[in-house]
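Comments concern the structure below.
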Amino acid sequence: MHEPRSFRVEAVVLRHAEWGEADRLLTLYTRERGKLRALAKGARKVRSRKAGHLEPFTRVTLQLAKGRDLPLVTQADTRQAYLPLRADLVKTAVASYVVELLDRFTYEEESESTAIFRLLAETLERIAQEADPYLAIRYYEMRLLDALGFRPHLFECANCGEKILPVDQYFSPSQGGVLCPRCGSGLPGAWEVSVEALKYLRHFQRSSYPEAQRARLAAGTRKEIEALMQAYLTYLLERGLNTPEFIRRIQGDMK
Ligand SMILES: [Zn+2]
């Protein structure tokens, strides 16, 4: 495909790094091209016009020019700064988790990205606005797994295919979902999952966000669901991407 010399993207800045004397290397998630790296020349100079727009979590419109190695930022306009994500340490940690999860699960130059871009932007907005980010995070994890092709089986046993009944079950990260008591009992690596936790996991998987928001989870169920999602995400990341420390580190940050 012929590459145009200059193109426009809508993006969320996932992270940035210093590059050379005064430049900044940006890792972006774009609506148009998925994950993308770009160079902002002179972004670290004190009075750089572009610098303020290129902080992590910021949603921007960028004009990019084809560079020798990486695209160069020639123009940056902030669409949404999500300021509460910078003002509140818990929100900062949660937003960091959200962008890192996406960063670890995606590769550059993947094509389909509109759904993931929208999910990312909506999730950052929810975390910025809501007092308790718990639901926004769990909903994001579930939807991201969907978008990436790792949707967990929650309605039929991931092993034998039997319909899952409303009793306590098991969850197996390696089998990709819930197991019936017959398949899960005594299986190494299978977690027990309560009826209550399973009910909400299913709810998050098939409901809109406003519907999911109506969930009123008991403290124990919140912990159970979080631990279960972390176990599944950790399993996928370790297997596929060799980043074993990532989730544990973030969990440590969020305590
Ligand atoms: Zn089974």
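This note's numbering numbers the first residue of the sequence shown as 13 and each following residue consecutively. Glycine residues also receive a C-beta, built at the ideal position from the N, C-alpha and C atoms.
Hey, residue i and residue j are a contact pair by Cβ (cut 8 Å); roughly how many whole angstroms apart?
| i | j | result |
| --- | --- | --- |
| R49 | L37 | 6 Å |
| L76 | L84 | 7 Å |
| T42 | V25 | With 8 Å as the limit, T42 and V25 do not qualify as a contact, their Cβ atoms being about 10 Å apart. |
| Y182 | E204 | 6 Å |
| Y151 | Y221 | 6 Å |
| L101 | I139 | Rounded, the Cβ-Cβ distance is 13 Å, inconsistent with contact. |
| A107 | L132 | Contact doesn't hold; Cβ gap of about 10 Å is too wide. |
| R214 | L166 | 5 Å |
| A209 | F216 | Rounded, the Cβ-Cβ distance is 11 Å, inconsistent with contact. |
| Q87 | L74 | 7 Å |
| K47 | Y119 | 7 Å |
| P164 | Y244 | 6 Å |
| T39 | D89 | That pair is no contact at about 19 Å. |
| D35 | A23 | Contact flag wrong, Cβ pair sits at about 17 Å. |
| D206 | E236 | Note on identity: in this sequence residue 206 is Ser, with Asp being the wrong assignment. Confirmed, about 6 Å. |
| S186 | G196 | Between G196 and S186 the Cβ distance is about 12 Å, and since that is not below 8 Å, they are no contact. |
Which residue marks the beginning of the alpha helix (DSSP H) containing residue i, and which one marks its end?
| i | result |
| --- | --- |
| S184 | S184 -> not in any alpha helix (DSSP H); beta strand (DSSP E) instead, spanning 181-184. |
| A143 | Note, A143: premise wrong, no alpha helix (DSSP H); not H, not E. |
| D115 | 101-117 |
| R194 | 193-196 |
| R224 | The question names Arg, but residue 224 in the sequence shown is Ala. 221-224 is the span of the alpha helix (DSSP H), which, as asked, contains A224. |
In terms of residues, what are the limits of the beta strand (DSSP E) holding residue i?
| i | result |
| --- | --- |
| F75 | It should be noted that the sequence gives Gln, not Phe, for residue 75. Segment 71-77, the beta strand (DSSP E) holding Q75. |
| G46 | 46-52 |
| F19 | 18-31 |
| K204 | Per the sequence shown, the amino acid found at residue 204 is Glu instead of Lys. Per DSSP, E204 belongs to the beta strand (DSSP E) from 203-205. |
| G188 | Counting along the chain, G188 falls outside any beta strand (DSSP E), and DSSP gives it neither H nor E. |
| L38 | 35-42 |
| A88 | 84-92 |
Any contact of the region 155-175 with the region 119-133, i.e. 3+ C-beta pairs under 8 Å? Result yes; three or more Cβ-Cβ pairs closer than 8 Å.
For ligand 1, list every residue whose C-beta falls under 6 Å from any of its heavy atoms, going in chain order. Listed along the chain, these residues meet the criterion: C169, N171, C172, E174, L191, C192, R194, C195.
Using a Cβ distance threshold of 8 Å, determine whether the region 140-155 contacts the region 189-197, with at least three qualifying pairs required. Per the Cβ contact rule, the region 140-155 is not in contact with the region 189-197 (fewer than 3 Cβ pairs under 8 Å).
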